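Asker:
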Amino acid sequence: MKYVVVSGGVISGIGKGVLASSTGLLFKTLGLRVTSIKIDPYMNIDAGTMSPLEHGECFVLNDGGEVDLDLGNYERYLNITLTKNHNITTGKIYSNVIEKERNGDYLGKTVQVVPHITNAIQDWIEKVSKIPVDESGKEPQVCIIELGGTVGDIESAPFVEALRQFQFRVGSENFALIHVSLVPVIHGEQKTKPTQAAIKDLRSLGLTPDMIACRCQEELHHQTIEKIGMFCHVGPNQVIAVHDVNSTYHVPLLLKQQKIMNYLTKKLSIGELPKADLESGEKLLNKWRQLTSQHDKSFETVTIALVGKYTHLHDSYLSVIKSLEHSSMKCNRRLKIEWVESTNLEEEMKTKNLSEYHKAWHYVCQADGILIPGGFGSRGIEGMISAAKYARENNIPYLGVCLGLQIAVIEFVRNVLGVEHSTSMEFDNSIKEEEASIVYMPDVDQIKLGGTMRLGIHETKFVEDSNWSILKKLYGNSNAVYERHRHRYEVNPLLIEEIENKGLKFIGKDESGKRMEIIELKDHKFFVGTQYHPEYLSKVLDPSRPFLGLIAASAGILDDVLNRDDLNYKGEF
Ligand code: GLN
C-alpha cells in the first residue's frame with residue numbers, strides 16, 4: 001500500500017480536495033486501484049449535525065454515513081464507494097480511545113495524546129485503507145489521505161504527529177507528502193514568502209514535502225518556481241504550479257503536464273505495471289481529455305434557477321452543482337446557475353425589499369429550468385412553493401430533490417386539490433393529519449442507523465404503469481434504482497389516491513410500496529421530484545439521470561438525449 005498525504009499551509013479552502021482527487025485520478029490512469037481517507041480535525045463525530053452554512057454540504061454515503069463533502073469529490077473523481085470510516089474526525093478518534101480506556105484495554109497505563117491518540121489514528125488509517133472500494137472488490141494499492149485545515153493549527157497537531165510517525169511505520173518508499181500552498185499576487189508580483197513560511201512550519205513538525213503544490217490565480221513564472229525550490233530545499237521538479245483553470249476537471253491534466261507521476265512513482269517505488277492495467281488507465285485518461293476539450297468547445301448556455309435556503313454558501317449544494325455540471329457537459333452546454341434565496345420570492349419581501357423581490361422573480365422567470373434542492377426547517381418554504389407552482393403552470397422543467405419533492409406535493413395539494421393550508425408536519429405539527437401533505441414516517445431501520453433519519457442507499461421500484469415516464473427512460477428503462485437518502489418526512493399515504501387522480505403520479509416507491517420515492521407530472525416537459533438525493537451518486541462521466549433530464553429538458557434536447565444509445569452506460573471507469 002502506497003500512502004500519499006495531501007496537507008495544506010497558509011490558508012484553508014484553496015482546493016486541497018480537488019488536488020488530492022486529481023492526484024488520485026492520475027494514479028488510477030496508471031491502472032492502479034485507488035482509495036482515499038479524509039481527516040477532519042474538528043470534534044464533531046461526523047458532519048450530520050452541522051449546518052450546511054458552517055462547512056458546506058453534508059455528503060451521504062451508501063452505508064448512511066454523513067460525512068465531509070470532500071468524500072464526494074473522491075467518489076466522483078475515482079468512481080469509488082467509500083464508507084463512513086473513510087472520514088476520520090477528532091471526535092471519532094477520541095471516542096474510540098475513551099471507549100477502550102473504559103474497557104480497561106490500556107492495562108493501567110496513563111492514556112495520552114502521544115502515543116495513544118496518535119497510535120489510534122495510525123491504526124485507523126492502516127485498517128481503513130485496505131477496504132475494497134471499487135468494482136474489482138480487491139484491496140486498493142494507493143491511498144490518498146487528505147488532512148483538513150492547515151498544518152500548524154492546534155486542532156490538527158495530533159494528526160500531524162501521527163503522520164510523522166506513520167512514515168516510519170510504513171517505510172519511506174510507501175509514503176509521499178504533497179503540501180498545498182498559496183502564492184498570492186500583490187501589485188503584479190508573485191509572492192513566495194507565505195510558501196516559505198508554510199514549508200518551514202511543516203519541516204519543524206518533522207514532515208518533509210515531496211511536492212509543493214502552489215495555488216495561484218495566474219500561471220507561475222519560471223523564476224517563482226525556482227525561488228520556491230531553492231528556499232524550500234526541494235528540486236524545481238518538486239514544485240507544481242496549480243493556477244486557476246477553466247474548470248476543476250482540467251486540474252488532473254494540468255498535473256499530468258507537469259509530470260508529477262514521474263516523481264511520485266519513483267519516490268514510491270512503483271514498478272512496471274501489467275499491460276492490461278496500463279491500457280485501462282490510458283482509456284480513462286483519454287475519456288477525461290475528451291470530456292474537458294469538448295466542454296471547452298461548447299458555447300450554448302443552459303440556465304438553471306436554484307431556489308434554496310443556503311444560497312449564501314455555494315458549497316452547501318456542492319453535489320447538486322456537480323451533478324448539474326456533469327449533465328451539462330453530457331449535453332454540450334455551458335451551465336449558468338442563478339442563485340435564488342427562496343425567502344426573496346415571498347409576498348412579505350414586497351414590503352421589506354421590493355427590488356430584491358423583483359430580482360429573485362426575474363431570475364426564476366428567465367431560467368430555462370428550476371431546481372429545488374434538499375433542506376430543513378420552515379424558513380423560505382413559501383417562496384419555494386411559489387416557484388414550484390410557476391414551473392408546473394408554465395411548463396418549465398422542474399426538478400425537486402428531497403425537500404424539493406415535498407414542496408411540489410404541497411403545492412399540488414394546495415392548488416389542485418384545494419386544501420388551502422396544507423403543509424408538511426415538519427413546519428406545522430399541529431395540522432390535521434388529513435390535511436398534511438407530508439408526514440413523519442419513522443424508518444424501520446431507525447434503530448440500526450442510530451438516528452431518526454432515513455439514511456443511505458435504498459431501493460426504489462418503478463410502479464407497473466410507468467412506461468410513459470421520462471425519468472424511467474432516463475434510467476435506461478430499469479425496473480428499480482438504488483439511490484441515497486437523507487430525510488425524515490414523507491408523502492402522506494392518506495392523500496395519495498386523490499393526488500394521483502388529479503395527474504401527479506407516484507411512479508417510484510420503496511420495497512414496501514408505502515414510501516413515495518418519485519413523482520412525475522404527465523403532460524409536462526419535465527416535472528420530476530425524488531425523495532432520494534440523486535446528486536450523491538452522480539459521476540463525472542456518468543451523470544445522475546434526474547439531473548440529466550432537467551438539463552436536457554431545459555436545453556430543449558430531451559428527445560435527443562432519450563434516443564442516445566449510451567443511457568445504459570453505468571460508470572464504466
Ligand atoms: N426536511 C425534509 C425531511 O426531513 C427534507 C430533507 C432533505 O431535503 N434532505 O424529510
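The sequence shown begins at 1 in full-length UniProt numbering and counts up by one. All residues carry an ideal CB built from backbone N, CA and C; glycine is no exception. These numbers come from a predicted model, not from an experiment.
Taking 6 angstroms as the limit between beta carbons, can you name the residues of its chain near GLY8, skipping five residues before and five after?
Answerer: These residues qualify, in order along the chain: LYS16, THR150, VAL180.
Asker: ASP559: buried (16+ other C-beta within 10 angstroms of its C-beta) or exposed?
Answerer: So ASP559 ends up on the exposed side.
Asker: Near SER422, which residues of its chain fall below 8 angstroms by C-beta distance, leaving aside the five closest residues on each side in sequence?
Answerer: ILE410, VAL413, ARG414, ILE431, GLU435, ALA436, SER437.
Asker: Bridge partners of TYR3, per DSSP?
Answerer: The partner list for TYR3 (beta bridge, DSSP) reads CYS143, PHE175.
Asker: For the alpha helix (DSSP H) that contains MET384, what are its first and last residues?
Answerer: 381-393 is the span of the alpha helix (DSSP H), which, as asked, contains MET384.
Asker: Return no unless some Cβ of chain D is closer than 9 angstroms to the Cβ of THR452.
Answerer: The displayed structure is made up of one protein chain only, and chain D is not part of it.
Asker: Just to confirm the assignment: which complete beta strand (DSSP E) runs, minimum length 3, are found wholly within the stretch 456-504?
Answerer: Counting whole runs of 3 or more residues, the stretch 456-504 contains the beta strand (DSSP E) stretches 480-487, 489-491.
Asker: Looking at the secondary structure, which residues open and close the beta strand (DSSP E) in which THR530 lies?
Answerer: Per DSSP, THR530 belongs to the beta strand (DSSP E) from 527-530.
Asker: Rounded to whole angstroms, what's the CA-CA distance from LEU449 to ILE496? Just pull it up for me.
Answerer: Residue placement at LEU449 cannot be trusted, given a pLDDT of 40 that sits under 50; the coordinates are not used to answer.
Asker: Quick one: is TRP468 buried, meaning 16 or more other Cβ sit within 10 Å of its Cβ, or exposed?
Answerer: Flag for TRP468 reads exposed.
Asker: Let's test the definition: count the other Cβ atoms within 10 Å of the Cβ of CYS365 and tell me whether it reaches 16, buried, or not, exposed.
Answerer: Exposed.
Asker: Where does ASP315 fall in DSSP's three states?
Answerer: Residue state, collapsed to three classes: helix.
Asker: If contacts are defined as beta-carbon pairs under 8 angstroms, then ASP210 and LEU177 qualify, I think. What distance do you get, rounded to the angstrom?
Answerer: With 8 angstroms as the limit, ASP210 and LEU177 qualify as a contact, their Cβ atoms being about 5 angstroms apart.
Asker: Considering only their Cβ atoms, is the gap separating GLY508 from VAL491 smaller than 9 angstroms?
Answerer: Going by C-beta atoms, VAL491 is not nearer than 9 angstroms to GLY508.
Asker: Skipping 5 residues on each side, what residues in its chain have a beta carbon closer than 7 angstroms to that of ILE225?
Answerer: Cβ neighbours of ILE225 beyond the five flanking positions: PRO236, VAL239, ALA241.
Asker: Check whether the Cβ atoms of TYR249 and GLU57 lie closer than 9 angstroms to each other.
Answerer: No, these two residues do not count as a Cβ contact at 9 angstroms.
Asker: Shortest alpha-carbon distance to ASN332 belongs to which of VAL416, TYR390, SER293?
Answerer: Ranking VAL416, TYR390, SER293 by Cα distance to ASN332 puts SER293 first.
Asker: Looking at the unbroken beta strand (DSSP E) that takes in THR110, where does it start and where does it end?
Answerer: Per DSSP, THR110 belongs to no beta strand (DSSP E) and is neither H nor E.
Asker: Quick one: give me the first and last residue of the alpha helix (DSSP H) that ILE404 is part of.
Answerer: Sequence check: residue 404 is Gly here, not Ile. GLY404 -> alpha helix (DSSP H) spans 403-415.
Asker: Please state whether DSSP places LEU19 in a helix, a strand or coil.
Answerer: It is helical.
Asker: LEU284 by DSSP, collapsed to three states: which one?
Answerer: Helix at LEU284.
Asker: Kindly identify the DSSP beta-bridge partner or partners of ALA213.
Answerer: Per DSSP, VAL180, ILE240.
Asker: According to the neighbour-count rule (16 or more other Cβ atoms, all chains shown, within 10 Å of its Cβ), is LYS297 buried or exposed?
Answerer: LYS297 comes out exposed.
Asker: Using 8 angstroms as the cut-off, can you tell me whether the stretch 320-334 makes contact with the stretch 350-367, which would need three or more C-beta pairs spanning the two stretches below that distance?
Answerer: With the cut-off at 8 angstroms, the stretch 320-334 and the stretch 350-367 do not touch.
Asker: Return the chain-ordered list of same chain residues with a C-beta closer than 8 angstroms to the C-beta of GLN196, the five sequence neighbours on each side being excluded.
Answerer: Only ILE228, PHE231, CYS232 meet the Cβ criterion.
Asker: So, helix, strand or coil for ILE396, using DSSP?
Answerer: Coil, per DSSP.
Asker: What's the gap between the Cα of PHE59 and the Cα of LEU71?
Answerer: So the alpha carbons of these two residues sit roughly 7 angstroms apart.
Asker: So who's on the other strand from ARG334, going by DSSP bridges?
Answerer: Bridge partners of ARG334: THR301.
Asker: Please classify PHE276 as buried or exposed, where buried requires at least 16 neighbouring CB atoms within 10 angstroms.
Answerer: Just to set this straight, residue 276 is Ala in the shown sequence, not Phe. Exposed is the call here.
Asker: Kindly indicate which residue of ALA305, GLY64, GLU75, LEU264 has the alpha-carbon position closest to the one of LYS84.
Answerer: It is GLY64 whose Cα lies nearest to the Cα of LYS84.
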